[in-house]
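Here the structure is laid out as C-alpha cells; the discussion comes afterwards.
2 protein chains.
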Amino acid sequence: MFSNSSKYAIKAVLFLAVNSSEDHRIMVKDMAEPINVPQAYLAKLLQELSRKGIISSKKGPKGGFFLSKENSQLTLMDVVNVIDAGDKFNACLLSLEKCNADKPCPLHDLAIPSRSKFIHSLNQNSIKDFSNQIEQGKVFLPL
Amino acid sequence: MFSNSSKYAIKAVLFLAVNSSEDHRIMVKDMAEPINVPQAYLAKLLQELSRKGIISSKKGPKGGFFLSKENSQLTLMDVVNVIDAGDKFNACLLSLEKCNADKPCPLHDLAIPSRSKFIHSLNQNSIKDFSNQIEQGKVFLPL
DNA sequence: TTTAAAACATGATAAAAATCATATTTAGGA
DNA sequence: TCCTAAATATGATTTTTATCATGTTTTAAA
C-alpha cells in the first residue's frame, strides 16, 4: 500500500503535529529515534517535505522542523503524494489498463468499494484532525 | 498492495483457469503475450507456482501448464502467499509493531475494516469461482 | 564578527525487486 | 533409440528503493 518512505513520512508528520509548533521546532536527530526511522534517511525525507511545502523548517541554531497552522490543514494524502509519485490509489489492483467500473477485472468489485472509503478518509481528515484524535486518546502513537 | 510478481501470478492463474485443462495444457510462450507479462519472468513464476503445488505442469513435447481440479479449488490468497512471502495482509499500515485493535495507530480504524473484508473475499472465493464469474460475463479479463 | 548548530543539496552505497539468459531434465514421436 | 519440445533449475543483470555520507548554506548567540 504505502512505500516505506511514505510510512516514514506519515510517522514524521504525525510526530510533528503532536510535538512541534511554530516556536517549538524539532531537530531530525531528536525525532529519528522516537519514530524509529534511520536518521539520515529521515533527514532526506523531511527536506523533501519541507521543499514541497508540506512541513516547515528553520535553519541554524535553534532551528528544526515544525508544522505551521497551514501545514496542519493538509491531509495525509498530500503527504504521500509528495513522497510516492504516481496515481497509485486509483490504479487497478492488477494494474490492468482497461479495468473500470463497466468492465471490472475479477478483483475490482472486491477491492474498490472499500478502498475508495479509505482514500476518502485520507483526503478528508486533516493532519490536525489526526493529532486531535491522538490527544484525545482515541488512537495511539508509539511509532 | 500486491507486488508486481503476485499480480503476474494472479493473472497467470486466472488465465489458466479459463483457458487450460488437464488435457489442454498451455505453454509459457503462448500465455506471456495474452496476459502481458515478460516471458522469462513468467516462466520463473509459473515454475515456482508449480513447485509449490498451486498449478500443475507437464514437461516435454505437448507439455505445458494447467490447473487440476484440486488446483482450481485453491484461492487467490494461496497464490499470493506463495509469491510474496510474509504476513503482509495482517501487518499494520504503518508497520507499527504495537498496533492492534486495543491500541490502534491513527490509520488502523480507517483501513482495517475494509481490508479485512477484502482479505476475506480472497480467502473465500476459489479460483474456480473466479473463472465462473468470468465465463458468466460478470467480470472481464483483458489482462 | 566569529563560531557553531542546524537544515539543505547532492551523490554514493546497499539491498531488494524485477528482468533476462542459459544449461539441464523430462517425455513424446519419428 | 534419437531428436526435439517443453518445463526446471540456477544464476546473472538491471532497475528501483532504501540507506548512508559529506560538503554547503543559513542563522542564533557569544
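From first to last, the protein sequence lines stand for chains P and V.
Using my numbering, the first residue of the first sequence is number 1267, and each one after it goes up by one.
Using my numbering, the first residue of the second sequence is number 1267, and each one after it goes up by one.
Every residue, glycine too, gets a C-beta built ideally from N, C-alpha and C.
Only a predicted model underlies this, so the values are computations on that prediction, with no experimental measurement involved.
When the options are compared against residue i, the one with the closest alpha-carbon
i                      : options                        : result
residue 1271 (chain V) : V:1363, V:1313, V:1372, V:1357 : V:1313
residue 1290 (chain V) : V:1406, V:1333, V:1350         : V:1333
residue 1358 (chain P) : P:1350, P:1382, P:1349, P:1346 : P:1382
residue 1374 (chain V) : P:1376, P:1365, P:1388, P:1310 : P:1388
residue 1305 (chain V) : V:1315, V:1316, V:1293         : V:1293
residue 1328 (chain V) : V:1308, V:1302, V:1386, V:1296 : V:1296
residue 1309 (chain P) : P:1331, P:1407, P:1320, P:1402 : P:1331
Helix, strand or coil at residue i according to DSSP, with G and I counted as helix
i                      : result
residue 1383 (chain V) : helix
residue 1406 (chain P) : coil
residue 1392 (chain P) : strand
residue 1400 (chain P) : helix
Chain P contact for residue i (CB, 8 angstroms cutoff)
i                      : result
residue 1276 (chain V) : yes
residue 1321 (chain V) : no
residue 1349 (chain V) : no
residue 1399 (chain V) : yes
residue 1315 (chain V) : no
residue 1312 (chain V) : no
residue 1456 (chain V) : Residue numbering for chain V in the displayed model covers 1267 to 1409; residue 1456 (chain V) lies beyond these limits and cannot be assessed.
Chain V within 8 angstroms of residue i, Cβ atoms only
i                      : result
residue 1377 (chain P) : yes
residue 1338 (chain P) : no
residue 1284 (chain P) : no
residue 1281 (chain P) : no
residue 1387 (chain P) : yes
residue 1334 (chain P) : no
residue 1369 (chain P) : yes
DSSP beta-bridge partners of residue i
i                      : result
residue 1322 (chain P) : P:1332
residue 1290 (chain V) : V:1287
Neighbouring residues, chain P, relative to residue i (Cβ below 7 angstroms)
i                      : result
residue 1267 (chain V) : 1267, 1359
residue 1372 (chain V) : 1280, 1396, 1399, 1400, 1405
residue 1384 (chain V) : 1376, 1377, 1380
Proximal chain V residues relative to residue i, where beta-carbon distance stays under 7 angstroms
i                      : result
residue 1308 (chain P) : The contacting residues do not exist; residue 1308 (chain P) stays about 14 angstroms from chain V at best.
residue 1409 (chain P) : 1362
Closer than 8 angstroms at the beta carbon, the chain P residues around residue i
i                      : result
residue 1273 (chain V) : 1359, 1360, 1361
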